[in-house]
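Below you'll find the structure, written out as structure tokens, and then a few comments.
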Amino acid sequence: MRPLIAGNWKMHGLAAQLAEIKTIAASVHARPPAADVLICVPATLLFRAVQAAAGRIAVGDEDCHAETSGPFTRDISAGMLKDAGATAVIVGHSERRRHHGENDAMVAAKAAAAWRSGLPTIVCVGESDVQRRNGDALAVVGDQVASSLPADIARSGTTAIAYEPLWAIGSGHVPVANEIAEMHRHLRSCLMTLAGAAGAGIRILYGGSVTAENASGILGLAEVDGVLVGGASPLAADFDAILRCVADQHFASA
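Residue 127 is where the sequence shown starts when you use our numbering, and the numbers rise one by one after that.
If you want it as structure tokens, here you go:
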């Protein structure tokens, strides 16, 4: 399947940084990569980021509320994001789970809300360092997938799963290739169990300290359908270097 290179700006970026979006969009237009490109930005930048992208790359948001509307001060619904121009949304990122106490049921409700609004969704899962060292990584992540996706996943062709080991995010540490491949194979098996044949068409991304230095090796794994880039995504030069890695033979021959 066509890979997805997605950026997550997190809580970074003021209006001046929209120039980075323009640069990335211009680069993609001039040298189209063999991948779909998405940048998820803070809600304060969303509308202007869509304008800056000029239709050359997709622009999304980093979270949404599970309800369509209501007395939820400061929250933003998936429908509002779509109205502002978003074409995708991330839900269940580990930083949302850790800092805001979001659990699997809440993530599943957000994913369902995004689907109802017609927004493609990246659902994040991943294990802690302790869970990895205790040999529980596969079981933990498998349970997360089963609990973080709405029951009607088979009807959604716009979902991606992002495997982001918590101990790798922002740390500079990345699992070795066989660990990534093993987890992605396990996730594919889980998705096939949950969604049947539709599970074969759901992208499985890797996220966690992705850089231009390690992206080629990660993207070269047959089990990996793209990457979710954090710290390297707000700077056009860094993100563009990762996009150039998509020219690897693995994708050129796909």
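From the three backbone atoms N, C-alpha and C, an ideal C-beta is built for every residue, glycine too.
Cα separation between residue i and residue j?
i: L320; j: K148; result: 39 angstroms
i: P412; j: H191; result: Absent from the model: residue 412. The displayed extent of the chain is 127 to 380, so no value can be given.
i: R381; j: C250; result: Residue 381 cannot be examined here, being either before or after the span of the chain that is shown, 127 to 380.
i: V267; j: R242; result: 25 angstroms
i: S310; j: H155; result: Strictly speaking, residue 310 in this sequence is His, with Ser absent from that position. Taking the straight line from one Cα to the other gives about 31 angstroms.
i: A380; j: L130; result: Residue placement at A380 cannot be trusted, given a pLDDT of 48 that sits under 50; what the coordinates show is reported in the next sentence. Those two C-alpha atoms are separated by around 13 angstroms.
i: E349; j: T284; result: 18 angstroms
i: A179; j: A204; result: 20 angstroms
i: A237; j: V215; result: 9 angstroms
i: I306; j: L275; result: 21 angstroms
i: Q257; j: A265; result: 9 angstroms
i: A175; j: F365; result: 16 angstroms
i: G322; j: P301; result: 28 angstroms
i: P291; j: N229; result: 16 angstroms
i: E221; j: L164; result: 19 angstroms
i: A239; j: A324; result: 20 angstroms
i: I368; j: E339; result: 8 angstroms
Where does residue i fall in DSSP's three states?
i: A378; result: Unreliable positioning characterises A378 in this predicted model, as indicated by a pLDDT of 48, which lies under 50. The coordinate reading is nonetheless provided below. Of the three classes helix, strand and coil, the one that applies to A378 here is helix, per DSSP.
i: G333; result: strand
i: N260; result: coil
i: I371; result: Per the sequence presented here, residue 371 reads as Cys, with Ile not at that position. In the structure shown, C371 sits in a helix (DSSP, three-state: H, G or I).
i: G382; result: What the structure shows of the chain is the stretch from 127 to 380, and residue 382 is not part of that stretch, so it cannot be assessed.
i: E193; result: coil
i: V271; result: helix
i: G356; result: coil
i: T213; result: coil
i: A277; result: coil
i: A348; result: coil
i: G296; result: coil
Can you list, in chain order, the residues of its chain with a C-beta nearer than 6 angstroms to that of residue i? Leave out the 5 residues immediately preceding and following it.
i: G298; result: S335
i: H376; result: In this predicted model, H376 has a pLDDT of only 43, less than 50, meaning its place in the structure is not dependable; the value taken from the coordinates is given anyway. Cβ neighbours of H376 beyond the five flanking positions: G346.
i: G356; result: N134
Leaving aside the five residues before and after residue i along the sequence, list all residues of the same chain whose C-beta is less than 7 angstroms from its C-beta, in chain order.
i: G261; result: none
i: F198; result: H191
i: R128; result: A161 and D162
i: A212; result: L172, V185, G186, D187 and L245
i: I344; result: I306, Y332, V336, V350 and V353
Can you list, in chain order, the residues of its chain whose CB lies under 8 angstroms from that of residue i, leaving out five sequence neighbours each side?
i: A231; result: S273
i: P360; result: G133, W135, H138, G139, Q143 and E146
Terminal residues of the continuous beta strand (DSSP E) containing residue i?
i: N229; result: Note, N229: premise wrong, no beta strand (DSSP E); not H, not E.
i: V163; result: D162 to V167
i: T285; result: T285 to Y289
i: T247; result: T247 to V251
i: A324; result: Here A324 belongs to no beta strand (DSSP E), and DSSP marks it neither H nor E.
Starting from residue i, trace the alpha helix (DSSP H) both ways and give me its first and last residue.
i: I183; result: Looking at the DSSP string, I183 is not in any alpha helix (DSSP H), and its letter there is neither H nor E.
i: T319; result: A303 to A321
i: L144; result: L144 to A156
Please state if the CB of residue j and the CB of residue i are separated by a distance shorter than 9 angstroms.
i: A362; j: S153; result: yes
i: H219; j: E193; result: no
i: R329; j: G352; result: yes
i: S254; j: W293; result: yes
i: A326; j: L313; result: no
i: I295; j: V271; result: no
i: R224; j: V233; result: no
i: V217; j: T247; result: yes
i: A141; j: I183; result: no
Consider the C-beta atom of residue i and the heavy atoms of the ligand FMN; say whether any pair is separated by less than 8 angstroms.
i: P159; result: This structure lacks the ligand FMN; in fact it carries no ligand of any kind.
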